[in-house]
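J.:
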Amino acid sequence: MNKPLRRVSVFCLALILALMGWVTWLQAAKADTYKDDPKNPRVAIGKYAAPLGNILVDGKPVTGSQATSEQLKYKRTYQQGSLYAPVTGFSSQIFGSNQLENLYGDVLDGSDSRLQSPADALTRKRAKGGDVATTIDSAVQKAGYRALGGKTGAAVALDPGTGRILGMVSTPSYDPGKFAGSDSSDQKAWQAMSRDDGKPELNRALRQPLPPGSTFKLVVAAAALENGLYSSVDEQTDSPDPYKLPHTSTELKNENTAAPCKDATIRTALQYSCNTVFAKMAADLGPHKVAAQAEKFGFNDDEVDTPVRAAKSVYPTDMDAAQTALSGIGQFNDQATPMQMAMVSSAIANGGELKNPQLVNKVTDGGGNTVEENDPKTYGTAMSARTAEQLRSAMGTVVDKGTGSNAKIDGLTVGGKTGTAQHGVDNSGTPYAWFVSYAQDGDGHQVAVAVMVEDGHAARNEISGNGLAAPIARAMMKAALG
Numbered sequence: 006m007n008k009p010l011r012r013v014s015v016f017c018l019a020l021i022l023a024l025m026g027w028v029t030w031l032q033a034a035k036a037d038t039y040k041d042d043p044k045n046p047r048v049a050i051g052k053y054a055a056p057l058g059n060i061l062v063d064g065k066p067v068t069g070s071q072a073t074s075e076q077l078k079y080k081r082t083y084q085q086g087s088l089y090a091p092v093t094g095f096s097s098q099i100f101g102s103n104q105l106e107n108l109y110g111d112v113l114d115g116s117d118s119r120l121q122s123p124a125d126a127l128t129r130k131r132a133k134g135g136d137v138a139t140t141i142d143s144a145v146q147k148a149g150y151r152a153l154g155g156k157t158g159a160a161v162a163l164d165p166g167t168g169r170i171l172g173m174v175s176t177p178s179y180d181p182g183k184f185a186g187s188d189s190s191d192q193k194a195w196q197a198m199s200r201d202d203g204k205p206e207l208n209r210a211l212r213q214p215l216p217p218g219s220t221f222k223l224v225v226a227a228a229a230l231e232n233g234l235y236s237s238v239d240e241q242t243d244s245p246d247p248y249k250l251p252h253t254s255t256e257l258k259n260e261n262t263a264a265p266c267k268d269a270t271i272r273t274a275l276q277y278s279c280n281t282v283f284a285k286m287a288a289d290l291g292p293h294k295v296a297a298q299a300e301k302f303g304f305n306d307d308e309v310d311t312p313v314r315a316a317k318s319v320y321p322t323d324m325d326a327a328q329t330a331l332s333g334i335g336q337f338n339d340q341a342t343p344m345q346m347a348m349v350s351s352a353i354a355n356g357g358e359l360k361n362p363q364l365v366n367k368v369t370d371g372g373g374n375t376v377e378e379n380d381p382k383t384y385g386t387a388m389s390a391r392t393a394e395q396l397r398s399a400m401g402t403v404v405d406k407g408t409g410s411n412a413k414i415d416g417l418t419v420g421g422k423t424g425t426a427q428h429g430v431d432n433s434g435t436p437y438a439w440f441v442s443y444a445q446d447g448d449g450h451q452v453a454v455a456v457m458v459e460d461g462h463a464a465r466n467e468i469s470g471n472g473l474a475a476p477i478a479r480a481m482m483k484a485a486l487g
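In our numbering, the protein residues as written are 6 to 487.
1) Going by DSSP, name the residue or residues bridged to A426.
2) Specify, as a first and last residue, the run of the alpha helix (DSSP H) that T392 falls within.
3) Could I get the ranges of all uninterrupted beta strand (DSSP E) runs contained in the region 93-161, with 3 residues as the minimum, in chain order?
4) In the DSSP output, which residue or residues are listed as bridge partners for L215?
5) Count the other CB atoms within 10 Å of the CB of P177; is the residue buried (16 or more) or exposed (fewer)?
6) Check M324 in the structure and name its three-state DSSP category.
7) In the DSSP assignment, the beta strand (DSSP E) including A72 goes from what residue to what residue?
8) With a threshold of 16 other CB atoms inside 10 Å of the CB of F16, please say whether the residue is buried or exposed.
9) From which residue to which residue does the alpha helix (DSSP H) around I271 run?
10) Using only the alpha-carbon positions, how far apart do K249 and F337 sit?
11) Taking the alpha carbon of D63 as the reference point, which residue from A144, S190, A72, D306 has its own alpha carbon closest?
12) Does DSSP put E75 in a helix, a strand or coil?
13) Can you give me the C-alpha to C-alpha distance between T383 and Q395, rounded to a whole angstrom?
14) Thinking C-alpha only, which one of A264, E231, A269, N259 is nearest S244?
15) I'd like the list of long-range same chain contacts for Q76, defined as Cβ closer than 7 Å, with 5 residues on each side in sequence excluded.
16) How would you write the range of the beta strand (DSSP E) that K367 sits in, first residue to last?
17) What residue range does the beta strand (DSSP E) around S237 cover?
18) Hey, would you say Q192 sits closer than 8 Å to I99, going by beta carbons?
19) Going by DSSP, name the residue or residues bridged to R209.
20) Verify whether the separation of the beta carbon atoms of A229 and I271 is less than 8 Å.
21) Taking the alpha carbon of L488 as the reference point, which residue from S237, I141, D180 has its own alpha carbon closest?
22) Would you tell me roughly how many angstroms separate the C-alpha atoms of G407 and D380, rounded to the nearest one?
Here you go:
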């Protein structure tokens, strides 16, 4: 063979070897990547080739599947979609999925390897879709949804002893079934939701951090007791009224000028929601001690997973003394989700031990066999049992004699804390109404609730945690324990 021909032959052989290597790499190392790529139409075809498994509430499906005449043979359906959308999320043939529908997508569509029988594994056959059982109590969910009504807001109810989420409501909501398919009506429904100024697709319970207002005073009170600034909720504090913010000429006053806030005890200060007491308390403690306490409740943690991840609730530490004082009443740059404030109330109700919030109880395969079960997990110890008992007692006074009277429930022990959070330039925005609470029945069963009403369609001077948010919390607590 002459030299030029030999060179051409070697070059062609090298090309063939390179091509074989490339194909081998694609079929081995990259096969799963391409197989699972959402842009691969086979992914959607496989996902919707058979009925999906279901998301369960009280052991009953709140989702389903409907046969179609299209290439994607089944589409997702939802029962009471608007009620449970903050729990399930959506599964759309066009727009993908989110929340539980996304996180447990491989279970629901049968592609999770844990669902496969040995024969399925050998033949690479997709198993029957499994089910995801939530911790939601339908009575609590419905009570919160009805009570929120046409308001913009959110509510979360937790079982303090286990962390199980009994209710998670966000309004306005949306029906995920309206855009689950792939025709023009589904696209129009999606576009209408996306253009809605009310942002119905936003899960406000988990993903809307806002100033917590006076509900944050519970965190400051816990910090004061845990750090020995005061020995009990009935010890007199050192609190002038009005209170001049440190190193400024600005005087902070109380909403109720007739309230007995001067040198008030923590109990009285919570009862009347005295700004001056908690602003001074936060300044005396300093931002790092308050932050350390807030972080024990879950603030500044960007990985609070339910398993749907909650937005980070923030307590800033780079503050001067005046800003620290304002942060003590839930203003300045404090930010909290309803889930976060429910965690605060839950820890107080549970003797200081905070459980991880948990939305999924267990996962089963297509035959009903359990493949995953979620036991309660402890987030941490937020405070001592004595501090928790002191705060429960003071929160009881808020409901029995103070600003939280609308949360009273006959036959139950109820404690709470109201909040009205200012926002906007020079506090020009419509305030947010908050209420956090716990309730206990005679057998020791408990529930912790946090409610935030973003827009109550009421006059500014009529917006309050007791007026707007407490009745919603009351409805959910009653449904849980009544």
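Heads up, the beta-carbon is just placed ideally off N, CA and C, and yes, glycines get one too. As the structure is a prediction and not an experimental result, all values here were calculated from the model.
T.: In short, the structure shows the following:
1) For A426, which the question treats as bridged, DSSP gives the partners Y437.
2) 390-406
3) Here the runs fully enclosed are 136-139.
4) A341
5) buried
6) coil
7) 68-72
8) exposed
9) 271-277
10) C-alpha separation (whole angstroms): 16 Å.
11) A144
12) coil
13) Here the C-alpha atom of T383 lies approximately 22 Å from the C-alpha atom of Q395.
14) Taking only the C-alpha atoms, the option nearest S244 is A269.
15) Take Q76, set aside five residues on each side of it, and the residues of its chain with a beta-carbon closer than 7 Å to its own are I50, in chain order.
16) K367 -> beta strand (DSSP E) spans 365-369.
17) Unbroken run through S237: none, as it is neither H nor E.
18) Note that the C-beta distance between Q192 and I99 is below 8 Å.
19) DSSP lists no partner for R209.
20) yes
21) Residue numbering for the chain in the displayed model covers 6 to 487; residue 488 lies beyond these limits and cannot be assessed.
22) 38 Å
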